[in-house]
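Working notes for the structure below.
In this note's numbering, the protein residues as written are 946 to 1118.
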């Protein structure tokens, strides 16, 4: 059986290393954009879910990748929906200004992968996919916009790789 757009969604993790703490005045313009950008994401066609810390509107206080690293973990119906939000919305302004607030990453900081529709990835799962991309480069298991794979390609790849082999499913989707 191959995956289709109806039974798979695209998960996305983005990590960013802060130049200054979130309460620093130099980071204030970024913090001020969080609510509008998150609200826009929530209302974007194709948006499914985003990680938020309980009792807050975002995930900036969660620091699973390091004390100065913030994470953005989302799920989208299609890669096109994520692309449109990322590059054709108000989110683009944040990206244009990212060097004001974040260190330049020398290794991958964004990873994409397909999940079964209805599955909400954990932070550990997302960080494992990022580690896979960093260690092995793009594959149907962990990729980027520049080296993307379809849900069907990812499903075929995972079926072809025996359990326990590099690139095999780790028991999680």
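Where is the CB? At the ideal position from N, CA and C, for every residue including glycine.
Self-check item: N-terminal and C-terminal residue of the beta strand (DSSP E) that residue 961 is part of
Solution: As a position in the chain shown, residue 961 is number 16, starting the count at 1. Residues 953 to 962.
Self-check item: Backbone CA spacing between residue 1088 and residue 1056 [nearest angstrom]
Solution: Here residue 1088 corresponds to residue number 143 of the chain shown, with the count starting at 1. Here residue 1056 corresponds to residue number 111 of the chain shown, with the count starting at 1. Rounded to the nearest angstrom, the two C-alpha atoms are 6 Å apart.
Quiz item: What's the C-alpha gap between residue 1034 and residue 975?
Solution: One-based indexing of the chain shown puts residue 1034 at position 89. One-based indexing of the chain shown puts residue 975 at position 30. Taking the straight line from one Cα to the other gives about 16 Å.
Exercise. Determine the closest residue to residue 993 out of 1044, 1083, 957 and 1101, with distance taken between C-alpha atoms.
Key: Within the chain shown, the letter at position 48 stands for residue 993. Of 1044, 1083, 957 and 1101, the residue nearest in Cα terms is 957.
Self-check item: Segment contact, 8 Å Cβ cut-off, at least three pairs: the region 1097 to 1104 with the region 978 to 991
Solution: Cβ pair count under 8 Å is below three, so no.
Self-check item: Exposure of residue 1047, with buried meaning 16 or more beta-carbon neighbours within 10 Å
Solution: Taking the first residue of the chain shown as position 1, residue 1047 is located at position 102. So residue 1047 counts as buried.
Exercise. Could you round the C-beta distance between residue 1065 and residue 1016 to whole angstroms and report it? I think they count as a contact, below 8 Å.
Key: Stepping through the chain shown from its first residue, residue 1065 is reached at position 120. Stepping through the chain shown from its first residue, residue 1016 is reached at position 71. At roughly 14 Å, the Cβ-Cβ gap does not stay under 8 Å, so residue 1065 and residue 1016 are not in contact.
Quiz item: Does DSSP put residue 1024 in a helix, in a strand, or in coil?
Solution: What you label residue 1024 is simply residue 79 of the chain shown in a count that begins at 1. Three-state result, residue 1024: helix.
Quiz item: Which first and last residues belong to the beta strand (DSSP E) in which residue 992 is found?
Solution: Here residue 992 refers to the residue found at position 47 when the chain shown is read from its first residue. Start and end: 992 to 995.
Quiz prompt | Distance between beta carbons of residue 1037 and residue 955, contact taken as under 8 Å | solution = Within the chain shown, the letter at position 10 stands for residue 955. Within the chain shown, the letter at position 92 stands for residue 1037. The Cβ separation is near 19 Å, so there is no contact.
Quiz item: Quick one: what does DSSP say residue 981 is sitting in, helix, strand or coil?
Solution: Within the chain shown, residue 981 is the residue found at index 36, counting from 1. Residue 981: helix per DSSP, three-state reduction.
Quiz item: Taking Cβ positions, are residue 1029 and residue 1002 nearer each other than 8 Å?
Solution: The residue you call residue 1029 lines up with position 84 of the chain shown. The residue you call residue 1002 lines up with position 57 of the chain shown. No, the pair does not count as a contact, with Cβ atoms beyond the cut-off.
Practice problem: Please name the residue in 1061, 1060 and 1075 whose C-alpha comes closest to that of residue 910. | Solution: No statement about residue 910 is possible, as the shown extent of the chain runs from 946 to 1118 and does not include it.
Practice problem: Would you list the one or two residues that DSSP bridges to residue 1017? | Solution: In the chain shown, the residue the question calls residue 1017 occupies position 72. Partner residues in the beta bridge of residue 1017, as assigned by DSSP, are 959.
Self-check item: Span of the beta strand (DSSP E) around residue 1057
Solution: By 1-based counting over the chain shown, the position of residue 1057 is 112. Where residue 1057 is concerned, the enclosing beta strand (DSSP E) stretches over 1055 to 1061.
Practice problem: Output yes or no for whether 8 Å exceeds the beta carbon distance between residue 1092 and residue 1085. | Solution: Numbered from its first residue, the chain shown carries residue 1092 at position 147. Numbered from its first residue, the chain shown carries residue 1085 at position 140. Not closer than 8 Å, so no.
Quiz item: If you count every other CB in all the chains shown that lies within 10 Å of the CB of residue 961, and 16 or more means buried, which is it?
Solution: The residue labelled residue 961 in the question sits at position 16 within the chain shown. When all chains shown are included, residue 961 counts as buried.
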